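Inspection log for the structure reproduced underneath, given as structure tokens.
Number of protein chains: 2
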Amino acid sequence: MKKTSPANKRSPGRPRGFDRQAALETAMKTFWAHGYETTSISDLSRAMGINAPAIYSAFGDKKQLFLEAMRLYRGDPQRQAEAIAGAASAREAAAMVLANAIRTFTGKDTPKGCLVGTGLATGSPAAADVRAEGTAMRDTLEALLAGRIERDVSEGVLPPDTDAGTLAALVSCTVQGFSTLARDGASAAKLHAVTDLVLQGWPKEKSSSV
Amino acid sequence: MKKTSPANKRSPGRPRGFDRQAALETAMKTFWAHGYETTSISDLSRAMGINAPAIYSAFGDKKQLFLEAMRLYRGDPQRQAEAIAGAASAREAAAMVLANAIRTFTGKDTPKGCLVGTGLATGSPAAADVRAEGTAMRDTLEALLAGRIERDVSEGVLPPDTDAGTLAALVSCTVQGFSTLARDGASAAKLHAVTDLVLQGWPKEKSSSV
DNA sequence: TCTTTTTCATAATGATCGCTCGTAAATATC
DNA sequence: GATATTTACGAGCGATCATTATGAAAAAGA
Numbered sequence: 001m002k003k004t005s006p007a008n009k010r011s012p013g014r015p016r017g018f019d020r021q022a023a024l025e026t027a028m029k030t031f032w033a034h035g036y037e038t039t040s041i042s043d044l045s046r047a048m049g050i051n052a053p054a055i056y057s058a059f060g061d062k063k064q065l066f067l068e069a070m071r072l073y074r075g076d077p078q079r080q081a082e083a084i085a086g087a088a089s090a091r092e093a094a095a096m097v098l099a100n101a102i103r104t105f106t107g108k109d110t111p112k113g114c115l116v117g118t119g120l121a122t123g124s125p126a127a128a129d130v131r132a133e134g135t136a137m138r139d140t141l142e143a144l145l146a147g148r149i150e151r152d153v154s155e156g157v158l159p160p161d162t163d164a165g166t167l168a169a170l171v172s173c174t175v176q177g178f179s180t181l182a183r184d185g186a187s188a189a190k191l192h193a194v195t196d197l198v199l200q201g202w203p204k205e206k207s208s209s210v
Numbered sequence: 001m002k003k004t005s006p007a008n009k010r011s012p013g014r015p016r017g018f019d020r021q022a023a024l025e026t027a028m029k030t031f032w033a034h035g036y037e038t039t040s041i042s043d044l045s046r047a048m049g050i051n052a053p054a055i056y057s058a059f060g061d062k063k064q065l066f067l068e069a070m071r072l073y074r075g076d077p078q079r080q081a082e083a084i085a086g087a088a089s090a091r092e093a094a095a096m097v098l099a100n101a102i103r104t105f106t107g108k109d110t111p112k113g114c115l116v117g118t119g120l121a122t123g124s125p126a127a128a129d130v131r132a133e134g135t136a137m138r139d140t141l142e143a144l145l146a147g148r149i150e151r152d153v154s155e156g157v158l159p160p161d162t163d164a165g166t167l168a169a170l171v172s173c174t175v176q177g178f179s180t181l182a183r184d185g186a187s188a189a190k191l192h193a194v195t196d197l198v199l200q201g202w203p204k205e206k207s208s209s210v
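Chains A and B are the protein sequences, given in the same order.
Its first residue numbered 1, the first sequence is counted upward by one per residue in full-length UniProt numbering.
Its first residue numbered 1, the second sequence is counted upward by one per residue in full-length UniProt numbering.
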């Protein structure tokens with residue numbers, strides 16, 4: 001049984017010859033570029049610069065490595081929830097989510113598109129559980145948005161007949177569409193222009209000042 | 001060298017023991033469900049009910065089989081072009097494209113989502129040329145839409161400052177987003193509701209009668 | 001019936017898959 | 001230095017990958 005050293009206290013034995021966090025980031029980018037099942041351990045080994053046994057020793061198996069890369073990609077889920085909850089309005093929350101997606105999907109130093117959306121788009125039945133994690137991530141975002149929209153409705157910012165589920169789905173749909181467009185080569189500017197059109201589907205807010 | 005019999009004239013030799021078109025349809029659905037690289041020949045062999053050598057004899061190799069399945073999935077490209085060109089307006093062309101996507105992505109007898117969008121979302125460098133075919137398909141649709149939009153602009157149906165490229169990208173983006181939403185389990189009704197919101201981003205037409 | 005042509009199923013090709021064993025090397029504590 | 005512990009790394013595990021060689025079987029024309 002392997003033991004993950006606490007890193008704050010030096011443990012005996014030969015020290016690890018590579019930076020675990022840097023290796024994880026490289027693995028994330030490799031999965032991002034080529035997908036979960038279509039990235040082999042030997043691909044990862046080559047990209048990370050460490051041999052296969054070292055990968056297994058440090059990260060478990062391929063599935064655990066991908067899930068950890070996925071968590072690194074997603075970032076802190078609580079921060080995301082707070083950002084959506086703390087936005088001035090549901091519309092601004094949506095705009096922020098879309099802007100973040102554009103930045104992530106068209107980054108200069110990372111592969112284009114969404115790691116989760118593209119890397120888990122399809123696959124064998126053996127990877128169904130990993131794909132379910134991806135679906136759960138999208139569902140979580142959609143639920144957060146729907147909740148923020150409903151708050152706007154109950155506070156009178158949005159009309160009472162607003163369909164929060166559909167509106168949240170509009171944002172989620174756009175994010176996923178951005179992933180494919182970005183992978184096809186769309187620029188950030190183009191996606192921002194699309195964002196402006198999409199947000200025209202947003203219900204009129206009861207203007208307070210303007 | 002194999003010879004694809006013209007089917008109208010009987011050729012000598014043992015007759016094929018399976019329906020080529022039915023086998024192709026089964027292959028299409030299998031690729032649709034599990035993706036291009038993540039579907040193995042043995043998966044296809046099992047699903048199609050024919051042994052591997054028969055697949056190679058009838059369809060060439062895996063790449064050719066997928067490309068043929070892709071063409072079957074897409075349908076007649078000229079029909080698509082004519083449908084978009086023949087629509088009463090660019091907006092109606094967009095609505096038609098989105099409705100078709102919803103029907104295709106949520107069909108009862110086929111896998112959910114888009115064969116091309118999900119089956120080629122990522123993969124190894126060895127399959128880059130096949131992915132490029134998928135991108136080309138999306139680019140073609142977007143170009144057809146942009147052309148139809150520009151016609152509306154030049155005919156005065158849409159405002160002269162309409163950005164045809166962005167508007168076409170909005171539709172393409174929505175189609176691709178629908179693929180992921182459908183795969184995540186979204187109903188056709190939900191996607192139709194999203195369509196209504198998306199089309200609110202469409203520029204106001206100069207109303208002729210109403 | 002005999003030859004020709006095509007398809008069939010079995011079995012095997014070399015390569016790669018995810019993963020692990022065994023041993024040498026490098027650090028800690030004693 | 002001795003011992004314990006951990007990692008590095010070459011080699012190899014069985015399984016599966018896409019693909020094909022082989023030869024029997026089934027049809028046509030002679």
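Glycine residues also receive a C-beta, built at the ideal position from the N, C-alpha and C atoms.
Predicted, not measured: the structure shown is a model, and the values here were computed from it.
Checklist entry - Can you check whether the CB of A/R71 is closer than 9 angstroms to the CB of A/Q80? => result One-based indexing of the first sequence puts residue 80 of chain A at position 80. One-based indexing of the first sequence puts residue 71 of chain A at position 71. For A/Q80 and A/R71, no; Cβs fall outside 9 angstroms.
Checklist entry - Going by C-alpha distance, which of B/C173, B/I41, B/A146 is nearest B/I55? => result In the second sequence, the residue the question calls residue 55 of chain B occupies position 55. When each option's Cα is compared against that of B/I55, the closest is B/I41.
Checklist entry - Three-state secondary structure (DSSP) at A/S42? => result Stepping through the first sequence from its first residue, residue 42 of chain A is reached at position 42. Secondary structure at A/S42: helix, using DSSP grouped into helix, strand and coil.
Checklist entry - Along chain B, in chain order, which residues have C-beta atoms closer than 7 angstroms to that of residue 213 of chain A? => result Lying before the first or after the last residue shown, residue 213 of chain A is absent from chain A, which here runs from 1 to 210.
Item to check | Presumed contact (8 angstroms Cβ cut-off) between B/F31 and B/F66, rounded CB distance | outcome: The count along the second sequence starts at 1 and reaches residue 31 of chain B at position 31. The count along the second sequence starts at 1 and reaches residue 66 of chain B at position 66. Yes, they are in contact, since the Cβ atoms of B/F31 and B/F66 sit about 6 angstroms apart, within 8 angstroms.
Checklist entry - So, do the stretch 116 to 126 of chain A and the stretch 118 to 134 of chain B have three or more beta carbon pairs nearer to each other than 8 angstroms? => result Look at the beta carbons and you see the stretch 116 to 126 of chain A touching the stretch 118 to 134 of chain B: at least three pairs across the two are nearer than 8 angstroms.
Checklist entry - Is the distance from the Cβ of A/L181 to the Cβ of B/Q78 below 9 angstroms? => result Within the first sequence, numbered from 1, the residue matching residue 181 of chain A stands at position 181. Within the second sequence, numbered from 1, the residue matching residue 78 of chain B stands at position 78. Inclusion of A/L181 and B/Q78 in the CB contact set at 9 angstroms is not warranted, their separation being larger than that value.
Checklist entry - the stretch 167 to 185 of chain A: which residues have C-beta closer than 9 angstroms to a C-beta of chain B, in chain order? => result If the cut-off is 9 angstroms between Cβ atoms, the stretch 167 to 185 of chain A has L167, A169, L170, S172, C173, T174, V175, Q176, G177, F178, S179, T180, L181, R183, D184, G185 near chain B.
Item to check | Cα-Cα separation, A/Q200 to B/V198 | outcome: Mapped onto the first sequence, residue 200 of chain A falls at position 200. Mapped onto the second sequence, residue 198 of chain B falls at position 198. Their Cα atoms are separated by approximately 8 angstroms.
Item to check | Element boundaries [alpha helix (DSSP H), containing B/S89] | outcome: As a first step, residue 89 of chain B is located in the second sequence; it is residue number 89 there, counting from the start. For B/S89, there is no enclosing alpha helix (DSSP H), as DSSP marks it with neither H nor E.
Checklist entry - Can you tell me the Cα-Cα spacing of A/P15 and A/D76, whole angstroms? => result Here residue 15 of chain A corresponds to residue number 15 of the first sequence, with the count starting at 1. Here residue 76 of chain A corresponds to residue number 76 of the first sequence, with the count starting at 1. A/P15 and A/D76 have their C-alpha atoms spaced approximately 29 angstroms apart.
Checklist entry - Is it buried or exposed for A/D61, if we count other Cβ within 10 angstroms and need 16 for buried? => result Numbered from its first residue, the first sequence carries residue 61 of chain A at position 61. A/D61 should be labelled exposed.
Checklist entry - Quick one: is B/D139 near chain A, going by C-beta distance under 9 angstroms? => result Taking the second sequence and counting its residues from 1, the one referred to as residue 139 of chain B is at position 139. Closer than 9 angstroms: yes.
Checklist entry - Can you tell me the Cα-Cα spacing of B/R20 and B/T26, whole angstroms? => result Numbered from its first residue, the second sequence carries residue 20 of chain B at position 20. Numbered from its first residue, the second sequence carries residue 26 of chain B at position 26. In this structure, the straight-line span from the alpha carbon of B/R20 to that of B/T26 is close to 10 angstroms.
Item to check | From B/R46, B/R151, B/G35, B/A85, residue whose alpha carbon lies closest to that of B/C114 | outcome: By one-based count along the second sequence, residue 114 of chain B stands at place 114. Of the listed residues, the one whose Cα sits closest to B/C114 is B/G35.
Checklist entry - In terms of residue numbering, what span does the alpha helix (DSSP H) encompassing A/Q64 cover? => result The count along the first sequence starts at 1 and reaches residue 64 of chain A at position 64. Taken as a continuous stretch (DSSP letters only), the alpha helix (DSSP H) holding A/Q64 covers 62 to 74.
Item to check | Residues, ordered as in the chain, of the stretch 14 to 40 of chain B that lie near chain A by beta-carbon distance below 7 angstroms | outcome: Against chain A - using a Cβ distance shorter than 7 angstroms - the residues of the stretch 14 to 40 of chain B are H34, G35, E37, T38.
Checklist entry - At which residues does the alpha helix (DSSP H) containing A/P203 begin and terminate? => result Position 203 of the first sequence, counted from the first residue, corresponds to residue 203 of chain A. No alpha helix (DSSP H) contains A/P203, which DSSP labels as neither H nor E.
Checklist entry - Nearest chain A C-beta to B/S209 closer than 9 angstroms, yes or no? => result For the purposes of this step, residue 209 of chain B is taken as residue 209 along the second sequence, with counting starting at 1. Its pLDDT being 48, under 50, B/S209 is placed unreliably by the model, and the measurement read from it follows with that caveat. With 9 angstroms as the cut-off, B/S209 does not count as an interface residue toward chain A.
Next on the checklist: Less than 9 angstroms between the C-beta atoms of B/T110 and B/K29, yes or no?
Outcome noted: The residue given as residue 110 of chain B occupies position 110 in the second sequence. The residue given as residue 29 of chain B occupies position 29 in the second sequence. Result yes, Cβ atoms of B/T110 and B/K29 sit closer than 9 angstroms.
Item to check | Short-range partners of chain A found in the stretch 119 to 133 of chain B, where Cβ spacing is below 7 angstroms | outcome: Listed by position, the residues of the stretch 119 to 133 of chain B near chain A (Cβ gap below 7 angstroms) are G119, A121, T122, G123, S124.
Checklist entry - Checking contacts by CB at 9 angstroms: is A/T135 closer than that to chain B? => result Working through the first sequence from its first residue, we reach residue 135 of chain A at position 135. Closer than 9 angstroms to the CB of A/T135 there is at least one CB belonging to chain B.
Checklist entry - Using the beta-carbon count (16 or more within 10 Å), is B/R148 buried or exposed? => result By one-based count along the second sequence, residue 148 of chain B stands at place 148. By the neighbour-count rule (16 or more Cβ atoms within 10 Å), B/R148 is buried.
Next on the checklist: Less than 9 angstroms between the C-beta atoms of B/R183 and A/T104, yes or no?
Outcome noted: Counting from 1 along the second sequence, the entry for residue 183 of chain B is found at position 183. Counting from 1 along the first sequence, the entry for residue 104 of chain A is found at position 104. Remark: C-beta atoms of B/R183 and A/T104 do not approach each other more closely than 9 angstroms.
Checklist entry - Does B/A193 get closer than 9 angstroms to chain A when you measure Cβ to Cβ? => result Counting from 1 along the second sequence, the entry for residue 193 of chain B is found at position 193. Cβ-Cβ to chain A under 9 angstroms: yes for B/A193.
Checklist entry - Hey, does B/G165 have any beta-carbon neighbour from chain A nearer than 9 angstroms? => result Locating residue 165 of chain B in the second sequence gives position 165, counting from the first residue. Using a Cβ-Cβ cut-off of 9 angstroms, B/G165 counts as an interface residue toward chain A, since at least one Cβ of chain A sits closer than that to its own.
Checklist entry - Any C-beta of chain A sitting closer than 9 angstroms to the C-beta of B/L65? => result Locating residue 65 of chain B in the second sequence gives position 65, where the first residue counts as 1. Not an interface residue.
Checklist entry - Name the chain A residues whose beta carbon is nearer than 9 angstroms to that of B/K190? => result Residue numbering aside, residue 190 of chain B sits at position 190 when the second sequence is read from its first letter. Within chain A, the residues whose beta carbon sits less than 9 angstroms from that of B/K190 are G165, T166, A169, listed in sequence order.
Item to check | Candidates A/A22, A/G156, A/I102, A/P12: closest to A/E68 by CA position | outcome: On the first sequence, residue 68 of chain A is found 68 positions in, with the first residue counted as 1. Answer by Cα proximity: A/A22.
Next on the checklist: Quick check: what's the CA-CA separation for B/K204 versus B/A186?
Outcome noted: In the second sequence, counting from the first residue as 1, residue 204 of chain B sits at position 204. In the second sequence, counting from the first residue as 1, residue 186 of chain B sits at position 186. In this structure, the CA atom of B/K204 is about 29 angstroms from the CA atom of B/A186.
Item to check | Distance between beta carbons of A/A90 and A/L141, contact taken as under 8 angstroms | outcome: Taking the first sequence and counting its residues from 1, one reaches residue 141 of chain A at position 141. Taking the first sequence and counting its residues from 1, one reaches residue 90 of chain A at position 90. That belief does not hold up - the Cβ atoms of A/L141 and A/A90 are roughly 13 angstroms apart, past 8 angstroms.
Item to check | A/F59: first and last residue of the uninterrupted alpha helix (DSSP H) it sits in | outcome: Position 59 of the first sequence, counted from the first residue, corresponds to residue 59 of chain A. Taken as a continuous stretch (DSSP letters only), the alpha helix (DSSP H) holding A/F59 covers 52 to 59.
Checklist entry - Since B/A23 is in the alpha helix (DSSP H), which residue starts that stretch and which ends it? => result Here residue 23 of chain B is taken as the residue at index 23 of the second sequence, counted from 1. Taken as a continuous stretch (DSSP letters only), the alpha helix (DSSP H) holding B/A23 covers 20 to 34.
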